[in-house]
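Enquirer: Residue numbers (the UniProt record's numbering): 1 to 370. C-beta: ideal position from N, C-alpha, C; glycine also. Owing to the predicted nature of the structure, the values given are computational and were not obtained by experimental measurement. Please read through the structure below; I'll follow up with questions.
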């Protein structure tokens with residue numbers, strides 16, 4: 001593997017990204033909206049429950065995205081412009097989220113006018129739309145009431161921010177940098193428990209997200225080990241420590257995800273799938289559908305939950321049939337997603353390339369988050 005950081009060297013990652021996107025789309029479009037539908041019950045009976053794959057594969061898809069993001073970050077770390085790239089990734093992500101929220105706001109107004117009835121999103125005030133559009137709500141300890149799927153970006157951005165001070169060390173001594181990162185998490189945990197910081201209302205919401213901050217570190221460790229900049233025994237040791245840390249953080253700060261819905265199982269499945277596909281990279285062939293779907297993956301992430309819910313539920317209310325609502329609603333949703341990608345995401349990315357001294361990386365969309 002080269003050090004350019006381009007995922008174009010890994011066709012398997014494109015397939016994994018599309019696979020993860022489809023898992024999340026299934027969770028949000030079908031299983032979450034129509035839990036009583038017979039096919040959903042069949043999938044839960046034969047796969048989700050016996051394998052402890054929670055959230056109807058949604059957790060597995062999210063875990064794959066975290067690992068992919070961490071892996072590609074490590075693959076880019078040798079670039080001298082990596083700190084600038086990280087800053088611009090954050091700016092691009094927030095800007096596109098704001099624009100996606102604006103597009104959805106117009107869409108929900110149009111649907112309301114056409115149906116003559118207020119939509120579910122009509123209940124939210126201007127401040128809620130703005131704070132969710134610019135990702136402010138999470139830093140205020142407030143849930144995402146507009147989109148419903150942007151939580152992934154919160155720990156991912158925390159991961160990027162915490163990684164910036166360690167970039168030079170990662171370039172020279174990747175193993176030591178990972179030890180420092182994990183040691184910081186251990187110290188942070190100890191201080192938090194001693195001072196009971198997690199009991200402070202303003203911080204409790206933050207603490208509940210911290211376990212996911214460590215998921216990209218799994219991808220980073222796999223990348224450094226694959227690059228042979230970290231030996232296999234050291235890589236396995238880092239992964240074991242990460243596992244213990246994630247379990248303890250879930251147990252201490254997000255107990256439902258430890259006991260009631262064990263998220264760690266989905267992470268373990270995701271890591272195993274990722275490693276197997278990475279080792280079989282030579283078997284993957286270029287697929288035009290996969291590449292096309294991969295290009296719209298970030299637009300899919302930003303719009304699939306609100307736009308899909310609005311369109312599918314509106315059609316279900318009119319047609320009264322789940323299968324017809326899905327058959328018509330999913331294609332219409334992806335038309336909206338493609339239009340956003342073509343006429344908003346691409347122009348914004350091109351504009352940022354022109355105004356930025358350091359070019360925005362041409363990584364597939366999901367590297368900005370899913």
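Kindly provide the ranges of any alpha helix (DSSP H) runs that are 4 or more residues long and lie completely inside the segment 290-340, ordered along the chain.
Expert: Listed in chain order, they are 297-319 and 322-340.
Enquirer: With respect to the alpha helix (DSSP H) encompassing residue 129, which residues constitute its N-terminal and C-terminal limits?
Expert: The residue labelled residue 129 in the question sits at position 129 within the chain shown. Here the alpha helix (DSSP H) through residue 129 covers 126-133.
Enquirer: May I ask you to report which of helix, strand or coil DSSP gives residue 277?
Expert: For the purposes of this step, residue 277 is identified with residue 277 of the chain shown, where counting begins at 1. In this structure, residue 277 counts as helix in the three-state DSSP scheme.
Enquirer: Please determine if the segment 133-151 and the segment 301-321 are in contact, where contact requires at least 3 C-beta pairs separated by less than 8 angstroms.
Expert: Yes, since at least three Cβ pairs between the segment 133-151 and the segment 301-321 fall closer than 8 angstroms, the two stretches touch.
Enquirer: Can residue 112 and residue 119 be called in contact, C-beta distance under 8 angstroms?
Expert: Against the chain shown, residue 112 aligns to sequence position 112. Against the chain shown, residue 119 aligns to sequence position 119. Their beta carbons are under 8 angstroms apart, which means residue 112 touches residue 119 by this criterion.
Enquirer: Given residue 256, which residues of its chain have a CB within under 6 angstroms of its CB, disregarding the five upstream and five downstream residues?
Expert: In the chain shown, residue 256 corresponds to position 256, counting from 1. So no residue of the chain qualifies.
Enquirer: How is residue 144 classed by DSSP in three states: helix, strand or coil?
Expert: The residue you call residue 144 lines up with position 144 of the chain shown. Looking at residue 144 - three-state DSSP - the assignment turns out to be coil, as it is neither helix nor strand.
Enquirer: Since I believe residue 219 is in contact with residue 66 (beta carbons under 8 angstroms), could you give me their beta-carbon distance rounded to a whole number of angstroms?
Expert: Within the chain shown, the letter at position 66 stands for residue 66. Within the chain shown, the letter at position 219 stands for residue 219. Yes, they are in contact, since the Cβ atoms of residue 66 and residue 219 sit about 7 angstroms apart, within 8 angstroms.
Enquirer: Using only CA atoms, which one of 235, 307, 237 and 262 lies nearest to residue 248?
Expert: Position 248 of the chain shown holds residue 248. Considering only alpha carbons, the answer is 262.
Enquirer: To the nearest angstrom, report how far apart residue 74 and residue 37 are at their CA atoms.
Expert: By 1-based counting over the chain shown, the position of residue 74 is 74. By 1-based counting over the chain shown, the position of residue 37 is 37. In a straight line, the C-alpha of residue 74 is about 42 angstroms away from that of residue 37.
Enquirer: Count the other CB atoms, across all protein chains shown, that sit within 10 Å of the CB of residue 323; report buried if there are 16 or more and exposed otherwise.
Expert: Residue numbering aside, residue 323 sits at position 323 when the chain shown is read from its first letter. Per the 10 Å Cβ criterion, exposed.
Enquirer: Let me know the secondary structure DSSP gives residue 214 once reduced to three states.
Expert: Taking the first residue of the chain shown as position 1, residue 214 is located at position 214. Residue state, collapsed to three classes: coil.
Enquirer: Assess, as a yes-or-no matter, whether the segment 174-189 is touched by the segment 124-144 under the definition of 3 or more beta carbon pairs within less than 8 angstroms.
Expert: No contact exists between the segment 124-144 and the segment 174-189.
Enquirer: Would you report the Cα separation of residue 10 and residue 241, rounded to the nearest angstrom?
Expert: Within the chain shown, residue 10 is the residue found at index 10, counting from 1. Within the chain shown, residue 241 is the residue found at index 241, counting from 1. Answer to the nearest angstrom: the Cα atoms are 27 angstroms apart.
Enquirer: Within the same chain, show all residues whose beta-carbon is closer than 6 angstroms to that of residue 209, passing over the 5 residues directly before and after it, in chain order.
Expert: The residue labelled residue 209 in the question sits at position 209 within the chain shown. Hits under 6 angstroms: 154 and 155.
Enquirer: Unbroken alpha helix (DSSP H) runs of length 4 or more, entirely within the segment 22-103: which are they?
Expert: If we require 4 residues or more, the alpha helix (DSSP H) runs fully inside the segment 22-103 come out as 38-43 and 58-76.
Enquirer: By Cβ distance, which residues of its chain are closer than 6 angstroms to residue 372, with the 5 residues on each side in sequence left out?
Expert: Nothing in the structure corresponds to residue 372, since the chain is present only between 1 and 370.
Enquirer: If you count every other CB in all the chains shown that lies within 10 Å of the CB of residue 48, and 16 or more means buried, which is it?
Expert: Start at 1 with the first residue of the chain shown, and residue 48 comes out as number 48. When all chains shown are included, residue 48 counts as buried.
Enquirer: Please list the terminal residues of the continuous alpha helix (DSSP H) segment that includes residue 188.
Expert: The count along the chain shown starts at 1 and reaches residue 188 at position 188. It spans 174-195 - the alpha helix (DSSP H) in which residue 188 sits, taken as one unbroken run.
Enquirer: Got a sec, what are the start and stop residues for the alpha helix (DSSP H) residue 160 sits in?
Expert: Position 160 of the chain shown, counted from the start, is the residue given in the question as residue 160. Element bounds for residue 160: 153-163.
Enquirer: Going by C-alpha to C-alpha distance, which of 19, 18 and 28 sits closest to residue 311?
Expert: Residue numbering aside, residue 311 sits at position 311 when the chain shown is read from its first letter. The shortest C-alpha separation from residue 311 is found at 28.
Enquirer: Using the three-state DSSP reduction, which class does residue 344 fall into: helix, strand or coil?
Expert: Taking the chain shown and counting its residues from 1, the one referred to as residue 344 is at position 344. Residue 344 falls in the helix class under three-state DSSP.
Enquirer: Please classify residue 259: does DSSP put it in a helix, a strand, or coil?
Expert: Here residue 259 corresponds to residue number 259 of the chain shown, with the count starting at 1. Coil at residue 259, not helix or strand.
Enquirer: Here's the rule: buried if 16 or more other CB atoms are within 10 angstroms of the residue's CB, otherwise exposed. What is residue 195?
Expert: Here residue 195 refers to the residue found at position 195 of the chain shown. Residue 195 is exposed by the Cβ-count criterion.
Enquirer: Reducing DSSP to helix, strand and coil, say where residue 116 ends up.
Expert: Here residue 116 is taken as the residue at index 116 of the chain shown, counted from 1. Coil.
Enquirer: Between the Cα of residue 222 and those of 252, 15, 168 and 277, spot the shortest distance and give me the residue it belongs to.
Expert: Start at 1 with the first residue of the chain shown, and residue 222 comes out as number 222. Here the closest residue by C-alpha is 277.
Enquirer: Report yes if the C-beta distance between residue 23 and residue 72 is below 8 angstroms; otherwise report no.
Expert: Here the question's residue 23 lines up with position 23 in the chain shown. Here the question's residue 72 lines up with position 72 in the chain shown. Their beta carbons are not under 8 angstroms apart, which means residue 23 does not touch residue 72 by this criterion.
Enquirer: Give the secondary structure of residue 221 by DSSP, where H, G and I count as helix, E and B as strand, and everything else as coil.
Expert: Counted from its first residue, the chain shown places residue 221 at position 221. Helix.
Enquirer: Could you say which of 42, 88, 104 and 16 lies nearest to residue 63 if we only look at CA atoms?
Expert: Reading the chain shown from its first residue, position 63 is the one you call residue 63. Of the listed residues, the one whose Cα sits closest to residue 63 is 16.
Enquirer: What is the C-beta distance between residue 82 and residue 76, in whole angstroms, given that I count them as a contact (C-beta under 8 angstroms)?
Expert: Working through the chain shown from its first residue, we reach residue 82 at position 82. Working through the chain shown from its first residue, we reach residue 76 at position 76. Right, their Cβ atoms sit about 6 angstroms apart.
Enquirer: Pull up the CB-CB distance for residue 250 and residue 264, whole angstroms please, since I reckon it's below 8 angstroms.
Expert: Position 250 of the chain shown, counted from the first residue, corresponds to residue 250. Position 264 of the chain shown, counted from the first residue, corresponds to residue 264. Contact flag correct, Cβ pair sits at about 7 angstroms.
Enquirer: What do you reckon, are the CB atoms on residue 327 and residue 245 nearer than 8 angstroms?
Expert: As a first step, residue 327 is located in the chain shown; it is residue number 327 there, counting from the start. As a first step, residue 245 is located in the chain shown; it is residue number 245 there, counting from the start. Contact flag unset, no.
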